[in-house]
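Let me begin by presenting the structure, written as structure tokens, before commenting on it.
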Amino acid sequence: MAKELKQLTSRTVSYSQWYQDLVIKADLAENSAVRGCMVIKPYGYAIWEKMQRQLDDMFKETGHVNAYFPLFIPKSFLSKEAEHVEGFAKECAVVTHYRLRSKADGSGVEVDPAAKLEEELIVRPTSETIIWHTYRNWIQSYRDLPILCNQWANVVRWEMRTRLFLRTAEFLWQEGHTAHATRDEAEIETRKMQAVYAEFAEKFMAMPVVKGVKSASERFAGAVDTYTIEAMMQDGKALQAGTSHFLGQNFAKAFDVTFTDKTGKLDHVWASSWGVSTRLIGALIMSHSDDNGLVLPPALAPFQVVIVPIYKGEEQLNTINEKVAGIVSKLKALGVSVKYDNADNRKPGWKFAEYELKGVPVRLAMGGRDLENNTIEVMRRDTLTKETITCDNIETYVKALLDDIQANIYQKALDYRTTHTTVVDSYDDFKAKLDEGGFFLAHWDGTPETEELIKNETKATIRCIPLEGDMTPGVCMVTGKPSVQRVLFARAY
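Reading the sequence shown from the start, the letters are residues 1107 to 1599 in my numbering.
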């Protein structure tokens, strides 16, 4: 095995260190010179591009268009929606000056005190305020609605404890911001985008999710309701994989965005916002990967197939090159992304280990004997099983294999979630089983006091109030008071 694999910490020894090792050794990202920020390396960014491309297509299929709004937000804007500013105040990076000057002793540069801004600027933690200030100029009547905008951007939230992809001071994301004439339209939009995220997570990431609504204390700052998708990682912890917020008229009122409806009545606009980020790459890693490295679903792998030649001498390599060229052409014709690695700077064994570490779904290897027999060795990354098959119709075989790998990865994650989801009725039972990890379905009396007590005593939070499943009323596991339905508890990232 390659040196990189020998140094990969086992998940059973330290799940956290395994994750950190894997991100670094699989060339996904690394820490930057700026504390809490990361450099996303080409292989990691290729995964993000795949996610971005697919999500962007899905957004456009639902009528959304892309725009771009400023990185800087006047501080006064954040003061206009009290709950919003309170939610983000401790995470904001602030620009106070606009110029540097050389130090008198020539030792470098310093902030020019004469260049102080009249009003400080906030580096966007999210864009509701700057966008709703802009929408005020775009909206006068119902004819201007709906506005269905999305932007791909970076944001800054000054996190103290960071982890690559999962929580960084700066990260990439998309944020949708929509404006509507009625409450119903805005609520439908909010739920529609939650469904888009759920479809993307399950169909493309092969990651099963629970759709639900956040409790009041877990809502997005300034939202009336927050809809979420929650996924379970292999260590039993939950990860919030996407949120969609019904904002009511809160931001429209804060920025005085009104419109004249069909009857001539003046009203405030209704709104939604929704977003997912590069945190999804962390979710992808922790949902599927193993002690040998990444396990990537074919739908999002930077390349789905790698072909490695095993040869003796240049003449044999040339013959293999000719044979493989035909295979590559046929695979690409079926929409399969392929890398043929015939570089002579690494031995085949090293390449096998590298592509296993990087989670390439299918590896093909061709040697001299394969040339004679018209065969090729096939290895699937999800099960690490190998077989030798004929090269005839290899493209249809590999295409079907990729579909099978995608389905198998999803089913494995779903089975894990099912076996690690527990229904509990007593608080003692809940606390006794919590260290085993997983999701817990329990009754809650709906009060923030009980929710806070559970959080303080167990570090478990209400991940969501599920939209599907057991809706049977009961009694709270802590207080014995009436409960409308079971909610989903877990410790989370």
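Beta carbons are placed, not taken as given, at the ideal position from N, Cα and C, and that holds for glycine.
Same chain, Cβ closer than 8 Å to residue i, five either side skipped, listed in chain order
| i | result |
| --- | --- |
| D1531 | A1548, H1549, G1580 and M1583 |
| V1434 | I1413, V1444 and Y1446 |
| E1224 | none |
| K1209 | V1215 and E1216 |
Cβ pair residue i, residue j closer than 7 Å
| i | j | result |
| --- | --- | --- |
| V1468 | Y1446 | no |
| E1187 | G1328 | yes |
| L1603 | I1153 | Outside the modelled stretch of the chain, which goes from 1107 to 1599, sits residue 1603, for which no answer is possible. |
| N1172 | N1260 | no |
| G1326 | T1332 | Checking the sequence, you will find Phe at residue 1326 rather than Gly. Their beta carbons are under 7 Å apart, which means F1326 touches T1332 by this criterion. |
| D1488 | I1515 | yes |
| A1307 | M1299 | no |
| Q1160 | F1310 | yes |
| L1272 | R1141 | no |
| A1135 | G1150 | yes |
| D1397 | S1120 | no |
| F1194 | P1231 | yes |
| W1258 | G1381 | no |
| S1323 | P1554 | yes |
| W1376 | Q1410 | no |
| G1455 | I1416 | no |
| Y1241 | V1442 | no |
| E1293 | V1316 | no |
| K1453 | A1132 | no |
| E1542 | L1437 | no |
| K1505 | L1440 | yes |
| H1170 | L1254 | yes |
Element boundaries [alpha helix (DSSP H), containing residue i]
| i | result |
| --- | --- |
| V1140 | Neither: V1140 is in no alpha helix (DSSP H) and is coded neither H nor E. |
| F1165 | P1148 to E1167 |
| K1317 | No alpha helix (DSSP H) holds K1317; the beta strand (DSSP E) holding it covers V1316 to V1319. |
| G1389 | Here the sequence assigns Ala to residue 1389, which means Gly is not the residue at that position. Here the alpha helix (DSSP H) through A1389 covers R1385 to H1394. |
| I1571 | That residue, I1571, is in no alpha helix (DSSP H); its beta strand (DSSP E) goes T1567 to P1572. |
| T1296 | R1289 to E1305 |
| F1194 | A1188 to F1194 |
| A1439 | G1419 to A1439 |
| N1243 | E1234 to W1244 |
| Q1257 | Looking at the DSSP string, Q1257 is not in any alpha helix (DSSP H); the run it does join, the beta strand (DSSP E), is I1253 to V1262. |
| D1127 | Y1121 to K1131 |
| R1523 | I1500 to T1525 |
| D1476 | G1474 to N1479 |
| I1560 | P1554 to T1564 |
Buried or exposed (CB count within 10 angstroms, at least 16 for buried), residue i
| i | result |
| --- | --- |
| R1174 | Sequence inspection shows Tyr at residue 1174; the Arg mentioned does not correspond to that position. The residue in question, Y1174, is exposed, as its Cβ has fewer than 16 Cβ neighbours within 10 Å. |
| M1107 | Low confidence applies to M1107: its pLDDT is 47, below 50, so where it sits in the model is not reliable, and the reading given next is rough at best. Its Cβ having fewer than 16 others within 10 Å, M1107 is exposed. |
| A1360 | buried |
| M1266 | exposed |
| N1424 | exposed |
| M1577 | exposed |
| D1290 | exposed |
| I1387 | buried |
| E1276 | buried |
| T1556 | buried |
| T1609 | This structure cannot speak to residue 1609, because the chain is shown only from 1107 to 1599. |
| S1213 | exposed |
| E1478 | exposed |
Cut-off 6 Å between Cβ atoms - residues of its own chain near residue i, not counting five sequence neighbours on either side
| i | result |
| --- | --- |
| H1203 | V1217, A1221 and K1222 |
| V1593 | W1550, I1568 and I1571 |
| A1199 | V1229, V1262 and W1264 |
| V1529 | L1547 |
| F1165 | N1256 |
| M1339 | L1345 and M1392 |
Enclosing beta strand (DSSP E) for residue i [first to last residue]
| i | result |
| --- | --- |
| H1351 | A1344 to G1354 |
| D1541 | Run containing D1541: none; DSSP gives neither H nor E here. |
| H1286 | E1276 to H1286 |
| R1269 | Looking at the DSSP string, R1269 is not in any beta strand (DSSP E), and its letter there is neither H nor E. |
| S1182 | First-last for S1182: K1181 to L1184, but that is the alpha helix (DSSP H), not the beta strand (DSSP E). |
| A1449 | No beta strand (DSSP E) holds A1449; DSSP gives it neither H nor E. |
| S1532 | Per DSSP, S1532 belongs to no beta strand (DSSP E) and is neither H nor E. |
| Y1333 | D1331 to M1338 |
Close Cβ partners of residue i (< 7 Å) along its chain, the five nearest in sequence each way excluded
| i | result |
| --- | --- |
| F1183 | T1235, I1236 and H1239 |
| I1495 | T1481, I1482, V1484 and Y1503 |
| E1462 | N1398, G1399 and R1487 |
| K1320 | T1332, T1334 and C1570 |
| P1176 | I1236 |
| T1274 | G1142, C1143, M1144, E1265 and T1268 |
| D1367 | Y1248, A1287 and D1373 |
| T1168 | K1298 and V1302 |
query = Are the region 1265-1283 and the region 1397-1415 in contact at 8 Å, needing three or more beta carbon pairs?
reply = no
inquiry  = Between the region 1344-1358 and the region 1584-1599, can you find at least three pairs of beta-carbon atoms closer than 8 Å?
reply    = yes
ask   = Pairing CB atoms from the region 1242-1255 with CB atoms from the region 1123-1130, are three or more of them under 8 Å?
value = no
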